[in-house]
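Residue numbers (this note's numbering), protein chains in the order written: chain W, 204 to 518; chain U, 96 to 400.
Where is the CB? At the ideal position from N, CA and C, for every residue including glycine.
Quick caveat: nothing in here was measured; it's all calculated off a predicted structure.
Single-structure report; data block below.
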Amino acid sequence: MSLESTEKNMSNETIITGKKAENAIKESLFLFTLYICVTIAILTLMTLIYDVLSTGTTRLTSDYEVGLITKIQIDNPRDFLTTLDSRYPDRAGIGPAFAGTLWLMIIVISATFPFGAGAAIYLQEFAPKNRLTRFIELNLTNLAGVPSVIYGLLGLAVFVRLAGFGRSVLSGGLTLTLLILPVVIVASREALKAVPDTIRQGALALGSTKFQAVFRQVVPSAIPGMVTGMVLGLSRAIGETAPLIFMGALTYVNYFPDTPLSGFTAIPIQVYNWVGYPQAEWKETASAGIILLLGLLLFMNSIAIFIRNRYEKDF
Amino acid sequence: MSLLSELSQTSMKPFEKVVKFFITVSAFAAILISISIVFTLLTEAINFFQDPAVTLKGYFTATRWTPTFQNPEYGVIVLISSTLYIAVIACLISFPLGLFSAIYLSEFATKRTRKVIKPVLEVLAGVPTVVFGYFALNWITPNIIQRFIPGTGVFNALSAGIAVGIMIIPTIASISDDALNAVPNSLRNGSLALGSTRRITALKIMFPAAISGIIASFILGFSRAIGETMIVTIAGGQYPELNLDPRSAMYTITSSIVNVSLGDTPHGTTAYNALFALGITLFIMTFILNIASDYVARKYRKEYE
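Here it is as C-alpha cells:
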C-alpha cells in the first residue's frame, strides 16, 4: 500500500516538474554524443583507407604483372612490386623492400617461435610460484610498453656492434624479434591457460610424467591459439619502422638481400622514404607502398582469424 | 614390462632435460632483455656525459637541441617539452573519443553492433604508424589544419598530435571497455532497478566503479603517445628551439633520435652517444608511466575478484 502510494507520488512529481521530458532529452543527447565519438573513430579509418586507395591504386596497378620477386624481373621498369627504387617517382618500385620484408618475416618467425613458445610453456606449466617468476612476469609487462625506438637502440648496440652482424637483415630481424617477444609470450600463455586442467589431470592420472602431459596433451591443444598470437605479433613486426632505421635500412638500397648479413630495406622504411619527398608524384608512390603494406597485414590477420575459427577447440 | 618402462623413461630423460633447460632459458630472456636495455642505454649515456662539451646542467637547462651544429647545444628540455606538448594534444583527442567509445560499447551497443565495431577498432590499432604519419602529413594537415587555421606550416605539432591521438583511441577504448565489463552486473542492474536511466547508470554508477581501469588506460595511452616515433617524425617537423605554438613544427625526443641516427653518426662520437642519452630519458619517462598504469589497473582487478 505504502509502496504504491510513493510510486504514485513519484510519477506525479515527475510529470509536474517536467523532469521526464528533460531527462529524455538528456538521454538522447548523451547517446548522440556517444554515437559521434564512435563514428569519428570509424570515419577516420575509412578516410585513411579511402585516401590511400584513391591516391595509390593507379600506381600499383599500372602494368602490373604477377610474378615472383626475382632479379630477372628488374628489367620491367614499371612493375611496382618487383622493380628497384628510382629517382623518378613513376619508375620507383618496391622490389628490394618487399624482399627485405619477406626476409625479416622468415627471421622473425624462426626466432620468435621457439623462444616465445618455450618461455610461455615454462611460465604457464613449469614455473614455481615464487618471487623470481613474479619478477619475470613484471618484466614482460614492462617490456611490452617500451617504445619501439628503444628496441632499435638496443639492436644497434647489441646486434649491429656487439655481435658484429653489422647493419644487416639479420640484425633487423632479431631486433624485431625482441620487440614482439613479450607480446607473443603473453598471447601464448593465454592460449595455454585456456586448456582446462582436466586435460592435465587426465594425462597425469593415466601415468604420464609431467613433461609428457605438457608436451603431448596441453601444448598440442594450445597450438592454434599460440600460432594466432604469433601471427599477430608478426604483423606488428612488419609494420614497424622506427627500430629498423638504426639498422641502416634507410640508406639507398637498390639490391635484393641475398644472405642474412646483407644490407636491406623494408616496406615501411621505403614508404617513410617516399613520404619524405615533397613532390606530389611521390605521394602516389608512397600510397602504393602503403596499400601493399596494409594488404600484407590484412592477409596475415585473416590467417590468424582463420586459424582461430578453424582449429581452436572450445573447451 | 617394468624394464621396458624404465628404459623408455631413462631414454627420454636427457632429451627432456635439454628441452626443459631451453624453455627455462627462454623465460629468463625477459629479464635479460630488460637488463640489456638498461645496461646499453646507461653505458652509452654515461659516455655522452663524459664529453667536455656536455654537462648535466646544460642537458637540463639549455634551450636548444643542436647536436650536429658547429657549436652543439644539448638542451633536452626542448625535446621533452615538445614531446609532452604533442602527447597532451593526442590525449585531448583520444581520452574523450576512446572513453565514450568504450562506454557506448559496454553500456549501450547491442551484441551485433559490438561485433562490428570491435574489429574496426582492432584494425585501427593494427595500422602501422608510418601510415598514420603519411595520413597526418598528406590528409590532416591540408584538409583540416590548414583549412581552419590558415598559414600553418606543412609540419606542425597539431596534425602530429591529432594523428597520435587517433592512433591511441583503440588502446584506451579496449582497456576502458574491459574495465567497464569487469564491474559486476549486479551494480548495473541495481542502479536500473532503482529507476535511474541508462545515462545516469553509465555516468554515475559504471564510470566511477571502473575509474581505476579507465585511469590505467589513460596513463598507458599517454605513455604510448610519448614513445610514438614515426608520426611525429613525419608530420611534426624539427624545430630545435623552445616554443609552445601548436601551429609550428616541434622536435620530440623520438624524432630527434631518428634524425640523429639518420645523419650517419659514427660509433663513439658525441652525437652517437646522445642517441642513448635521449633513449634513457625516454625509457625512464615511459617506464614510470607503465608502472603507474600497471599499479592502478591491478588495484581495480582486486576490487571485483
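Under the Cβ criterion of 8 Å, M325 of chain U is counted among the residues facing chain W.
Across the set W:P463, W:L497, W:M433 and W:T380, the C-alpha of W:M433 shows the shortest separation from the C-alpha of R392 of chain W. No residue range can be given for W234 of chain U, since it is assigned to no alpha helix (DSSP H) and is classified by DSSP as neither H nor E. According to the DSSP assignment, M429 of chain W belongs to the alpha helix (DSSP H) that extends over V422 to G442.
Closest in C-alpha terms to L127 of chain U, from the list W:F338, W:R294, W:R334 and W:P460, comes W:F338. Taking a contact as a CB-CB distance under 8 Å, the pair V173 of chain U and R159 of chain U counts as one, their CB atoms being some 6 Å apart. Annotation: Cβ neighbours of N385 of chain U in chain W (cutoff 7 Å, chain order): N345 and G348. If the five residues before and after A274 of chain U are omitted, its C-beta is found closer than 6 Å to the C-beta atoms of A305, G308 and I309, all from its own chain and listed in chain order. When the Cα atoms are used, F502 of chain W and G221 of chain U turn out to be separated by approximately 12 Å.
Take V149 of chain U, set aside five residues on each side of it, and the residues of its chain with a beta-carbon closer than 7 Å to its own are F143, Y169 and T365, in chain order. By the beta-carbon neighbour count (other beta carbons within 10 angstroms, threshold 16), Q482 of chain W is exposed. Only residues of its own chain outside the window of five on either side were considered, and among them I329 have a CB closer than 8 Å to the CB of Y229 of chain U, listed in chain order. Check the Cα spacing between F164 of chain U and each of U:L200, U:T381 and U:T360: the tightest is with U:T360. Per the DSSP secondary-structure output, R419 of chain W pairs with nothing in a beta bridge. The beta carbon of S351 of chain U is closer than 7 Å to those of W160, L174 and L373 in its chain, skipping five residues each way along the sequence.
Under a criterion of Cβ atoms nearer than 8 Å, the residues of chain U adjacent to D254 of chain W are, in order, F230, N233 and W234. The Cβ atoms of G428 of chain W and A394 of chain W lie closer than 8 Å to each other. Taken in chain order, the members of the region 376–400 of chain W whose beta-carbon sits within less than 8 Å of a beta-carbon on chain U are L381, L384, P385 and I388. By alpha-carbon distance to P341 of chain U, the top candidate from U:I314, U:I321 and U:Q241 is U:Q241. The continuous stretches of alpha helix (DSSP H) do not include Y325 of chain W, and DSSP gives it neither H nor E.
With 16 or more other Cβ atoms inside 10 Å of its own Cβ, M308 of chain W counts as buried. When U:S271, U:P245, U:V249 and U:N233 are compared, the shortest CA-CA separation from S189 of chain U is found for U:S271.
Sixteen is the threshold: when 16 or more other Cβ atoms of the shown chains lie within 10 Å of the Cβ of A491 of chain W, as they do, the residue is buried. Look at G321 of chain W: its C-beta is under 8 Å from a C-beta on chain U. The beta carbon of L356 of chain W falls within 8 Å of a beta carbon belonging to chain U, placing the residue at that interface.
When rounded, the separation of the alpha-carbon atoms in I470 of chain W and F317 of chain U is 28 Å. Going by C-alpha positions, N338 of chain U is about 15 Å away from I348 of chain U.
Taking 8 Å as the cut-off, the Cβ atoms of A185 of chain U and G260 of chain U count as close. Between the C-alpha atoms of F371 of chain U and L137 of chain U there is a straight-line separation of about 7 Å. Three or more pairs of CB atoms, one per stretch, sit closer than 8 Å, so the region 394–404 of chain W contacts the region 324–332 of chain W. With a 10 Å radius around the Cβ and a threshold of 16 neighbouring Cβ atoms, R207 of chain U comes out exposed. One finds V225, G228, Y229, M325, T328 and I329 in chain U with Cβ atoms closer than 9 Å to the Cβ of Y475 of chain W, taken in chain order. Nearest to S281 of chain U by C-alpha distance, out of U:A268, U:T296, U:S269 and U:I267, is U:T296. For R290 of chain W, the three-state secondary structure derived from DSSP is coil. Against chain U, the beta carbon of R364 of chain W has neighbours under 8 Å at H362, listed in chain order.
Residue state for T161 of chain U is assigned as strand, using DSSP reduced to three classes.
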